[in-house]
Amino acid sequence: RNGWIQPTIYQGLYNAIQRAVEPELFPCLRKFGISFYEFNPLGGGFFTGKYANKNAEVEPGSRFDASIGIMGKMTRKRYWNDSYFQAVGLVREVCTKHGLTMGEVALRWLSHHSVLKREYGDSVLVGGSNVQQIQENLDNLDKGPLPEEVCKVLDDAWEIVKAVATPYYH
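When the count follows the UniProt record's numbering, it moves up by one through the sequence shown with no breaks and lands on 170 for the last residue.
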């Protein structure tokens with residue numbers, strides 16, 4: 001009617017323990033043929049295994065460094081709380097049990113167990129501090145599905161953080 005171009009892509013926050021977009025946004029995107037481009041697959045660094053509790057030392061200049069400005073403050077507000085640390089503790093335990101890295105689990109979950117679907121044009125946006133990290137992330141996306149126990153723990157972790165999870169932008 002107004003000559004506007006319909007959006008074809010929505011870029012949003014989504015990962016194994018931040019799934020606020022699933023119940024409402026994904027059905028809407030599917031209805032209108034809009035793809036989802038996921039960002040923050042490693043939870044701002046939570047899935048690196050570097051941070052075990054709220055007293056953990058934060059690397060200067062990292063996403064969790066509140067002194068770097070709005071981005072650091074937003075990332076800390078999103079993840080730096082007791083619920084997320086409890087959830088990540090569960091994930092760390094199951095990863096150790098199965099000989100998997102947390103980053104590998106986060107990416108394999110997105111690739112094989114999430115509501116993302118390649119046939120709808122959905123994608124995972126990965127990055128890294130160096131070429132080796134980027135290659136490792138891409139390799140992890142190509143690995144197969146996770147053991148059922150790992151998926152169950154990720155579901156439990158999401159339930160722990162659901163009440164404090166950052167809502168997506170409507």
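For each residue, glycine too, the CB sits at the ideal point set by N, CA and C.
Quick check: the Cα distance between residue i and residue j, rounded to an integer number of angstroms?
| i | j | result |
| --- | --- | --- |
| V102 | G33 | Here residue 102 is Met; the residue named in the question, Val, does not match the sequence. For M102 and G33, the distance between alpha carbons rounds to 32 angstroms. |
| A16 | Y169 | 18 angstroms |
| E119 | S111 | 12 angstroms |
| N140 | V58 | 25 angstroms |
| F26 | V115 | 8 angstroms |
| T75 | K31 | 31 angstroms |
| P60 | I68 | 8 angstroms |
| R1 | V126 | 37 angstroms |
| N40 | L138 | 14 angstroms |
| I160 | L107 | 20 angstroms |
| H113 | T166 | 21 angstroms |
| T96 | G49 | 11 angstroms |
| G121 | Y37 | 8 angstroms |
| F85 | S62 | 18 angstroms |
| D65 | K73 | 7 angstroms |
| A52 | W80 | 10 angstroms |
| G144 | A163 | 30 angstroms |
| S129 | R78 | 21 angstroms |
Tell me residue i's beta-bridge partners as DSSP assigns them.
| i | result |
| --- | --- |
| Q11 | Y37 |
Of all the beta strand (DSSP E) runs that stay within the bounds of the UniProt domain "NADP-dependent oxidoreductase" (3-158), which reach a length of 3 or more residues? Assignment of beta strand (DSSP E) within the UniProt domain "NADP-dependent oxidoreductase" (3-158), counting only whole runs of 3 or more residues, yields 9-13, 35-39 in chain order.
Specify whether the stretch 93-102 and the stretch 143-150 touch according to this definition: at least 3 beta carbon pairs, one from each stretch, less than 8 angstroms apart. yes
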